[in-house]
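Position 7, counted from 1, in the sequence shown is what the numbering used here calls 7; the numbers after and before it change by one each time, with no gaps. Beta carbons are placed, not taken as given, at the ideal position from N, Cα and C, and that holds for glycine. The structure displayed is predicted, hence computed values, not measured ones. Input: a single structure, listed below in structure tokens.
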Amino acid sequence: MAVQLDAGNVTKKTATISKTATKTATSTRSAAKIATPGPEANASVTAKRAELRSSANLVKHNVTNTFVAGGSTPKDRADELIRVNGGTDNLDTDRVGHEIANIATNDPAEALAISEHVLADVKDSDRDEVAQSFADALTDNQIQKLGAGKEGNELLQLHKDHLLDGKVHGDERASAARLQNGIQGFPTPELIGAPETDIQTVADDLGGLSPEKQAEYLATVSEHPFGTETLQHAGVLSFDDQAVLAGALSNAYEVDPVGTGRLFQEIISAEKNFPVHDWTGFAKVVSQTGNDALIANYARRAVTHAAANPEHNAVSVDAMQALSGMSPDALANFINFRSAGAPTSGGLDSIARAMESNRAQFDTVLKDAVNWLDADANSAGFANPWAFNPALGNLLDTASKMTTSDGRPTEAAMNIFETVATNTGQNFFSKEAAGRFFIEHSQTVVDRYAALHKADGSTNRNFKPEILKDFFINVVYSPISHLLEYDGKPMTEVIMGDGGANTGIIGNVAQTIMDRASNGGDPEALGREIGYLFGAVSGGFLDSVEAYKDKFNEDKEFREFMYGVVNKGLGALGKKAGIPLERIAAFGQKLYEAGKSRERSEKIKGFQEAFLDLKDQMRFSLLDFENANPGAKGIEESFTIGWTDFITSYLATDWLAG
Numbered sequence: 001m002a003v004q005l006d007a008g009n010v011t012k013k014t015a016t017i018s019k020t021a022t023k024t025a026t027s028t029r030s031a032a033k034i035a036t037p038g039p040e041a042n043a044s045v046t047a048k049r050a051e052l053r054s055s056a057n058l059v060k061h062n063v064t065n066t067f068v069a070g071g072s073t074p075k076d077r078a079d080e081l082i083r084v085n086g087g088t089d090n091l092d093t094d095r096v097g098h099e100i101a102n103i104a105t106n107d108p109a110e111a112l113a114i115s116e117h118v119l120a121d122v123k124d125s126d127r128d129e130v131a132q133s134f135a136d137a138l139t140d141n142q143i144q145k146l147g148a149g150k151e152g153n154e155l156l157q158l159h160k161d162h163l164l165d166g167k168v169h170g171d172e173r174a175s176a177a178r179l180q181n182g183i184q185g186f187p188t189p190e191l192i193g194a195p196e197t198d199i200q201t202v203a204d205d206l207g208g209l210s211p212e213k214q215a216e217y218l219a220t221v222s223e224h225p226f227g228t229e230t231l232q233h234a235g236v237l238s239f240d241d242q243a244v245l246a247g248a249l250s251n252a253y254e255v256d257p258v259g260t261g262r263l264f265q266e267i268i269s270a271e272k273n274f275p276v277h278d279w280t281g282f283a284k285v286v287s288q289t290g291n292d293a294l295i296a297n298y299a300r301r302a303v304t305h306a307a308a309n310p311e312h313n314a315v316s317v318d319a320m321q322a323l324s325g326m327s328p329d330a331l332a333n334f335i336n337f338r339s340a341g342a343p344t345s346g347g348l349d350s351i352a353r354a355m356e357s358n359r360a361q362f363d364t365v366l367k368d369a370v371n372w373l374d375a376d377a378n379s380a381g382f383a384n385p386w387a388f389n390p391a392l393g394n395l396l397d398t399a400s401k402m403t404t405s406d407g408r409p410t411e412a413a414m415n416i417f418e419t420v421a422t423n424t425g426q427n428f429f430s431k432e433a434a435g436r437f438f439i440e441h442s443q444t445v446v447d448r449y450a451a452l453h454k455a456d457g458s459t460n461r462n463f464k465p466e467i468l469k470d471f472f473i474n475v476v477y478s479p480i481s482h483l484l485e486y487d488g489k490p491m492t493e494v495i496m497g498d499g500g501a502n503t504g505i506i507g508n509v510a511q512t513i514m515d516r517a518s519n520g521g522d523p524e525a526l527g528r529e530i531g532y533l534f535g536a537v538s539g540g541f542l543d544s545v546e547a548y549k550d551k552f553n554e555d556k557e558f559r560e561f562m563y564g565v566v567n568k569g570l571g572a573l574g575k576k577a578g579i580p581l582e583r584i585a586a587f588g589q590k591l592y593e594a595g596k597s598r599e600r601s602e603k604i605k606g607f608q609e610a611f612l613d614l615k616d617q618m619r620f621s622l623l624d625f626e627n628a629n630p631g632a633k634g635i636e637e638s639f640t641i642g643w644t645d646f647i648t649s650y651l652a653t654d655w656l657a658g
């Protein structure tokens, strides 16, 4: 029957052991281990230890007797522990280690003091046996709890050192590793070179650690031979596990920004030995930190790497994904200054030059990212992962919040919109984000690209009506437009109206332009703006019919969806201009009938009749508007000029020009 020391019934007094004694004990043990027999004897020793550990587990759960040690010092109590367990000549090492473990769970300082004397006094060959029994008698949770305190940590270190002194067996290494986990306060990363499995191990380990220990753990991962590749695969984690990793990254950055920055550089510049489209997994986690300074640190490295290494410029997608997690103000600063904040020193000229260079580099890397994500969803019969990458959609959502004091999107935000919205490919996330941006800033977008002059009469140097047309092709008239939503509603209806009382965003924009014309605005400029908007809505439809002609010809459901959308949008425009409802309905019917034809020439002829008739109805309605609003004279003629210029200059097809 095993006996226990009842730590509650002895006088507790921390004792120390002389350095001379410690040195002697350690060096003697080393000599003994060097003389250890060969593999056969080692196997016998390992088997014997396994037998003893099994016995110790039974003892651990069944001990009932209690031994009260005599003596008033830790030395006395250590001597008594040795005596009642066989003495130094016939020591039951398994029970001694177990008793020390029992004491440690209640009083780590007492266990440390006794251990120092026990390990100094027993035979060299028994020290590692005691240390192993001590380790095996403790659960992982008990080891972690001991490691969190000063005396407990020293106790674990003492026994670990004895386990690893001299020639070491495999079971000793395993026990020492368990103690090391407690000493360092986190488990040693057990990475096996299978990154998709290893990254889950990392996430699981991080979940139970304090912020400080998370930082230390990640530093250990970064030093591991498989660490960099493991972290690159963060994209395979669940959303919850990504959030754990993001929190750990943020904690690590706060503790050691320089070291975390080095880790970022290693991940960005390392060779990627897996599909290129998986590169953004770690960048997504970076974006989820919400830590502007951390994101700027990562993105600055990614932008620089992408710009300097054209063969690795898919890292541009990493950069955009990471930047999407910034606050709007920080993103604006990053585009200008490559940091989350504005500079606090430096000459105005040098800052201006740096801003110009930074913006140009950002634009280049943004376009590189667009080139990767502007992809077909189907690639050689397989789903193309780039078409399902959310990086640019996420970036555009953040850009939509980059506004001036009056709520208008900044120049940088409009640049991101223009670059992404005109090159969405079949990427669902890019399309939906472009639609959200347009809905939230529709008047600014239309005024910017469809008006020849600004409100103050100056020339609008951003006049590009083709941007609007491309937006409608990519977002409103695409084969997946029916899947896009805004606040849970079909996005096409939010933009184009529902064909009834709801005239959508397009109706709101048209109403604003008409109101300006009736309230002293320049009727010629406003008339052209309506003309270009009308041209973009109708021209976007016509060019999309050509762009998606196979889908349009073969998919009746898609074809009828397209008719409905353009009919609602132009109907909303016409309704605000005063076109009678029956004329709008007639346009829709003509469009539908034209689309039935399988002959391209007949189809074009039908489209011409429908659109030109509706254009004439717009002219007539605008003439009525002029008569009712004398200050708006010229709006009809300007509308016709704008419409004519659009269909002759900006349409990919010539369907209406003839």
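The Cβ atoms of Gly595 and Arg559 lie closer than 8 angstroms to each other.
CA-to-CA, the gap between His233 and Ala314 works out to about 15 angstroms.
Separation of the CB atoms of Leu570 and Ser538 is rounded to 6 angstroms, and the pair is thereby assigned contact status at 8 angstroms. At a Cβ-Cβ threshold of 8 angstroms, Leu622 and Gly504 do not count as neighbours. Under the three-state reduction of DSSP output, Glu116 falls in the helix class. According to the DSSP assignment, Asn627 belongs to the alpha helix (DSSP H) that extends over 600–628. The C-beta separation of Ile335 from Arg359 comes to about 6 angstroms, placing the pair in contact by the 8 angstroms criterion. With respect to the 8 angstroms criterion, Gly281 and Gly235 are classified as neighbours on the basis of their beta carbons. Here Leu112 has Glu151, Glu154, Leu155 as same chain residues with Cβ atoms under 6 angstroms from its own Cβ, once five neighbours each way along the sequence are excluded. Judged by DSSP secondary structure, Pro523 falls within the alpha helix (DSSP H) whose first and last residues are 523–547. Where Val317 is concerned, the enclosing alpha helix (DSSP H) starts and stops at 315–323.
Below 8 angstroms, too few C-beta pairs join the region 620–635 and the region 595–611 to call them touching: fewer than three. CA-CA distance, Gly642 to Asp498, rounds to 26 angstroms.
Put simply, the region 340–356 does not touch the region 417–436. Fewer than three CB pairs are less than 8 angstroms apart. No Cβ-Cβ contact shorter than 8 angstroms links Asp121 with Ala177. As DSSP reads the structure, Phe382 sits in a beta bridge with Ser379. Judged by DSSP in its simplified three-state form, Pro490 adopts strand. His169 sits in coil when the DSSP states are folded into three classes, being neither helix nor strand. If you look at Phe186, you'll find it isn't in any alpha helix (DSSP H); DSSP assigns it neither H nor E. Pro479 sits in coil when the DSSP states are folded into three classes, being neither helix nor strand. In the same chain as Ser175, and ignoring 5 residues on each side of it, the C-beta atoms closer than 7 angstroms to its own belong to Gln132, Ala135, Asp136, Leu163, in chain order. In the structure shown, the three-state DSSP call for Pro195 is helix. Contact check for Leu237 against Leu245 passes: the beta carbons are separated by less than 8 angstroms. Across the structure, Gly521 and Asp515 are spaced so that their CA atoms are roughly 8 angstroms apart. Secondary structure at Thr88: coil, using DSSP grouped into helix, strand and coil.
Cβ-Cβ separation between Gly435 and Tyr486: approximately 6 angstroms, consistent with a contact (criterion under 8 angstroms).
Under the three-state reduction of DSSP output, Pro211 falls in the helix class.
Contact between the region 399–414 and the region 368–379 is absent: fewer than 3 CB-CB pairs across the two stretches fall below 8 angstroms.
Counting of Cβ neighbours within 10 angstroms places Thr492 among the buried residues, the total reaching 16 or more. With the rule of 3 Cβ pairs closer than 8 angstroms, the region 390–401 does not count as touching the region 444–457. Distances from the CA of His453 to each of Glu466, Glu524, His482 were compared; the closest alpha carbon is that of Glu524. Proximity to Phe388 across Phe646, Arg95, Phe429, Met414 peaks at Phe429, based on C-alpha coordinates.
Inclusion of Ile143 and Leu119 in the CB contact set at 8 angstroms is not warranted, their separation being larger than that value.
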